[in-house]
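Below: the structure, in structure tokens.
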Amino acid sequence: MSKDETLGEALRRQGVTRRGFLKFCAATASMMALPPSMVPAIAAALEKARRPSVIWLSFQECTGCIESLTRSHSPTVEGLIFDAISLDYQHALQAAAGSAAEAARETAMEENYGKYILIVDGSIPLANPGYSTIAGISNLAMLEETAKGAAAVVSMGSCAAFGGIPKAKPNPTGAVSVGDIIKDKPIINVPGCPPIPVVITGVLAHFLIFGTIPELDALGRPMAYYGQSIHDRCYRRPFYDKGKFANTFDDEGAKKGWCLYKLGCKGPTTYNACATTKWNDGTSFPIEAGHPCLGCSEPDFWDGGGFYKAISTPTEDIPKAAIYAVGAGAAAGLALGALNRAKRDKAVAEHVKTTIDDLEKGD
Amino acid sequence: MSETEFLLWVRGPAFQVATIIFLLGVVVRILEILVLGRKPDLAEARGSAVAGGLRAIISRSFAERATLQRTAFTEVTGWIFHIGIFVILLLFAPHILLFEEVFGVSWPALPTTVIDATTIVTIIALLAVLIHRIANPVMRFLSRFQDYLVWLVTILPLVTGYMAFHRIGLTPTMLIAVHILSVELLMVTFPFTKLMHAFTLFMSRYYDGAIAGYKGVNS
Amino acid sequence: MSGASLERGLHAFKEAIDAPVASFFSSCVRCGLCAHACLFYTETGDPKYTPIHKLEPLRRVWQQEYSFWGRFAKALGLSRPVSDDMLTEWETLVYDSCTMCGRCSMVCPVGNDIAYMIRRMREGMAASGHAPQGLIGATQRAVTIGSPMGVKLPALQAQIRHIEQDTGLKIPMDVEGADYLCLLSSMEIMNFPEYTESLAKIFKHAGVSWTLSSEAFEATNSGIQIGVSEIAAELVQRIVDAAEKLKVKTVISPECGHAYMAIRWEGPNLIGKPFNFKVLHILEVLDELREQGRLKTTGKEAQRLTYHDPCQIARRGGVVQQPRNLLNMVADDFVEMPEAGTMNWCCGAGGGVSSNERADELRLKVFNRKKAQLDAVKAEGLVSACSNCRIHLEEGLEEYHMDIPVLSLTETIAEHLAEDKT
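Protein chains in written order, with my numbering: chain A, 7 to 369; chain B, 8 to 226; chain C, 35 to 456.
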């Protein structure tokens, strides 16, 4: 794989047909909410695109994001696109190790300074740099150093995007997201635990086609994939609208595939493409498998008040508080009432007789 | 504070505090009225005070015909927004869940399309009520700051609920949080304002009906 | 030297607040419906006549003294106290533009008995020296002379002589052990002696033993209208003493609305103990006699008659069906005005308004409401059972150039008594 090879050349070399390529372009256009008329332009742009250099740093993570990306069931165009990029550093995947690996990173940075894409998965511990190091370099130092020459940063997965599970209470490592540290580079957040593979490639495709970062939402996520909530695109939504809910995981409602809202589904507050692109080669997604959405692509999803508690219900013990409040209210009410009554009765007792001589106000 | 943390605060401590202020305040206000008491009526009764009182609790929901014709706007908008609020509060699935969580009882919900339509109608009725309050000489004359405040805290949960359902303006997490917060605002305002009529009207209607019923008059 | 002062007024307001009043103020949502039930608003269009607004000083005292946040606000100096100027402003609202007819109390959706509160508020108004001059005079005369109109016993005796001479009927006076003690209003003594004459005729016809009392013939109670309970109690006590002295079983309230309210419903509460005699309105007595078959009439009035329900007799007193039973005995063409019965519109002169010259112009202006009711049925005769209503109805009809005679129901019955029983 030469660095000067275009994407089109790389794809053809790997046996991808023109038809398959255009199909991918059409799918990409559709996902990015571009009109079909844009497909030839996308194809042309992708054809000519140079393979960008990509450096992938993994910090406090579980490798789930990489697993997700590499577990494609068949060699897809998306997968090949990935192959087509020049992944110059990814310590879980690369063959090199030790100082050779670090040398690869440094070389890539030098050769492509200002042009490479930095992908990060995992959060960065701030409590003690020693909590997570690579080749003796702390995550923070490596991120800051590597980000300097990056054209853009992609925070892959919820840990990099929002801090994820390492940041969950009580956050022992003082974990923060990439965006908490890097302020001077465009950052594309691709959250999810893990994110959907096609979303990852779609973001890269956008960068390749337009040379820009895609339109992002308030949380830095590409609108094309995170523009709609799970709830709004969920095939079980009609049951929600009709008020038909599963109350337990094995009741009649669960068997009939009714809405999982009562079982704590976070679909209404979660923006992701699961309900449309699905997982495992388009097979299904968690709700389809009968489990409520955990909301993994949202910030602090691990601390959202319990996976199996409906999002609109209180998290504190309200009945207990209510009993205390009524009890205290009764005591205070009776006391205040007694004061009222005493005041009124005193006024009555101290009543000054009004006679017919007291009616005219003459003094 | 992140959005999730804000939602958690709203669902947790804030809701707890609002519940406490609401219940404590309501109970205090009911008791401080009741304990004031009432002198027994020494005149010979012609009818039943209790029957008259209970009757008035129901009958005052319905105006007699001439009054209805004279005040149709107030009566009709009043009916619409009161019924609307109760339908939305009690028959929307996520609300029922809340009651189930707190009281342990549940009941069937209405379809969201019905709730949605009810919300629009209720909001329109409340807007009409506000315009009426400003435009009608009597209502404008009687109104003070509190009347507008109460109107605001009443319509806010409807508007924020509508926005949350349709995901307008903010992230869904924020929308749900803001909606719940608006309800908490209503709960906290409740014991200090005329919103108390929701509870005290049972007393006032009873007393009115009892005073009349004792004399043999259907009030 | 008068003891009236703001302090005494506020003191009386504090005394006036009980659980009903507190619940009423707590429930008010300022919907303004009561305005549309009040003829002072409907006939003037002035929002200041909205019934609940007339209670603002009392409401403020309730809020500042009897509600926890109101007390809190008062302690912080956040609420304005009721001032003498405020009471001066409210004086006309409470006395001139409220007849305590209680129509507003019937329409309030949260069930506020506004008339009940006005009655209590007047206690504070009177104690603070904010009662109208006309009512003060009437009250003083009631206490010192025995009648708000200054009618003394000799005047009554003269009237009785006239009646006895004219009709040959006996008007019993101070008859111990009679079944019924009849009370009269000053207006009946001075303006409508026919009422007393009718009583004599009817009771003779029905074989009823009755009497007047030389010590307590006056039925009206200015103490209630002005709002001084101890004066009201003193006036009630005179009647109770006379009734007990004459050992009557029943005291009959005459054709006067407020008199009925005073003796029937407020009386025992004013003196603090139940009566050991019954109190009935004359219409109740007549209807009882009718039921017992002791009241036989002959012939019927041909003209179209309608009946004006005096507020304190119907809406506030519970005597609604009896006048209809009686009218049907003597009227061929009895028609009901719209909203008759417990929702009837006040004539505009009750609750002391007729004793208050300052309110004369307003009183006649709001009569327009009664005119509309009468126009709706094209009545040719207007029957009522309250002398105060009657005087004002006559005055109003004249003011509005309406040629409709105003009749007393009792007198109309008396005119149609069957001869055979006499």
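Note that the Cβ used here is the ideal one computed from N, Cα and C, for glycine as well. Treat the numbers as computed from the prediction; the structure is a model and nothing was measured.
Work out the CA separation of B/G59 and C/F59 for me, nearest whole Å. 20 Å
So, is C/S139 buried or exposed, given that buried needs 16 or more other C-beta atoms within 10 angstroms? buried
In chain C, which residues lie with their C-beta within 7 Å of the C-beta of B/G223? G352
Can you check which of these residues, C/S36, C/E125, C/D118 and C/L67, is closest to C/I148 by C-alpha distance? C/L67
Test item: CB-CB of A/V196 and A/V209 under 8 Å: yes
List, in chain order, every chain A residue whose beta-carbon is nearer than 7 Å to that of B/T26. I324, A327, A328 and A331
Using a Cβ-Cβ cutoff of less than 6 Å, which residues in the same chain neighbour A/S80 once the five nearest sequence positions on both sides are dropped? With a pLDDT of only 48 at A/S80, under 50, the local geometry of the prediction cannot be trusted, and the value read off the model is given with reservation. Closer than 6 Å at Cβ, skipping near neighbours: no residue.
Restricting to Cα atoms, I'd like to know which of C/S162, C/M183 and C/E322 is closest to C/F237. C/E322
Answer yes or no: do B/I162 and B/T125 have a C-beta to C-beta separation smaller than 8 Å? no
Going along chain C in order, which residues have a C-beta closer than 7 Å to the C-beta of B/S211? S57, F58, S61, V144, G145 and N146
By Cβ distance, which residues of its chain are closer than 8 Å to B/A214, with the 5 residues on each side in sequence left out? Before going on, a small fix: residue 214 of chain B reads as Tyr here, not Ala. Taken in chain order, the residues that qualify are R45 and G60.
Which residue marks the beginning of the beta strand (DSSP E) containing C/V28, and which one marks its end? Because chain C in this structure spans residues 35 to 456, residue 28 of chain C falls outside the shown range and cannot be described.
For C/K61, does the count of other Cβ atoms within 10 angstroms reach 16, so buried, or fall short, so exposed? The sequence given here places Ser at residue 61 of chain C; Lys does not occur at that position. With 16 or more other Cβ atoms within 10 Å, it is buried.
Output the residue ranges of the beta strand (DSSP E) runs that lie fully inside the segment 180-224 of chain C and measure 3 residues or longer, sorted by chain position. 214-216
Under 7 Å Cβ-Cβ, which residues of chain B neighbour C/V141? A70 and T74
How far does the beta strand (DSSP E) with C/H315 in it reach, from first residue to last? K312 to H315
Using Cβ-Cβ distances below 8 Å, what residues of the segment 341-359 of chain A are close to chain B? L342, G343, A344, N346, R347 and R350
Beta-carbon of A/E221 versus every beta-carbon of chain C: anything under 8 Å? no
Beta-carbon neighbours of C/K404, restricted to chain B and to distances below 9 Å: Under the 9 Å cutoff, chain B gives no residues; its nearest Cβ is about 15 Å from C/K404.
Nearest-angstrom beta carbon gap, A/T12 and A/R56 [assumed within contact, 8 Å]: 6 Å
Closer than 7 Å to a non-hydrogen atom of the ligand MG - does that hold for the CB of C/L73? This structure simply doesn't include the ligand MG, nor any ligand for that matter.
Classify C/T122: buried if its beta carbon has 16 or more other beta carbons within 10 angstroms, exposed otherwise. exposed
Express the C-alpha separation of C/E198 and C/L317 in angstroms, rounding to a whole number. 24 Å
Range covered by the beta strand (DSSP E) that runs through B/I130: Premise fails: B/I130 lies in the alpha helix (DSSP H), T119 to A142, not in any beta strand (DSSP E).
So what does DSSP say about A/P228, is it helix, strand or coil? strand
I want to see whether chain B comes within less than 8 Å of A/A224, judged by CB atoms only; does it? yes
In three-state terms, what does DSSP make of C/F237? helix
Taking 8 Å as the threshold (beta carbon to beta carbon), is C/E252 in contact with chain A? no
Is there a Cβ of chain A sitting closer than 8 Å to that of C/E445, yes or no? no
Can you pull the chain B residues whose beta carbon is under 9 Å from the beta carbon of C/E299, in chain order? Checking the displayed sequence, the identity of residue 299 of chain C turns out to be Trp instead of Glu. Here the neighbours are D48, A50, Y221 and K222.
Please return the same chain residues whose Cβ sits closer than 7 Å to the Cβ of A/W308, not counting the five positions on each side in sequence. I171 and A174
Starting from A/Y137, trace the beta strand (DSSP E) both ways and give me its first and last residue. Taken as a continuous stretch (DSSP letters only), A/Y137 belongs to no beta strand (DSSP E), as it is neither H nor E.
Proximity of C/L314 and C/L339 at Cβ, strictly below 8 Å: no
State the DSSP-derived secondary structure class of B/T200, mapped to helix, strand or coil. coil
Going by alpha carbons, who is nearest to B/P179 out of A/V160, A/G301 and A/T76? A/G301
Quick one: what's got a C-beta closer than 6 Å to B/R151's C-beta in the same chain, skipping five residues either side? none
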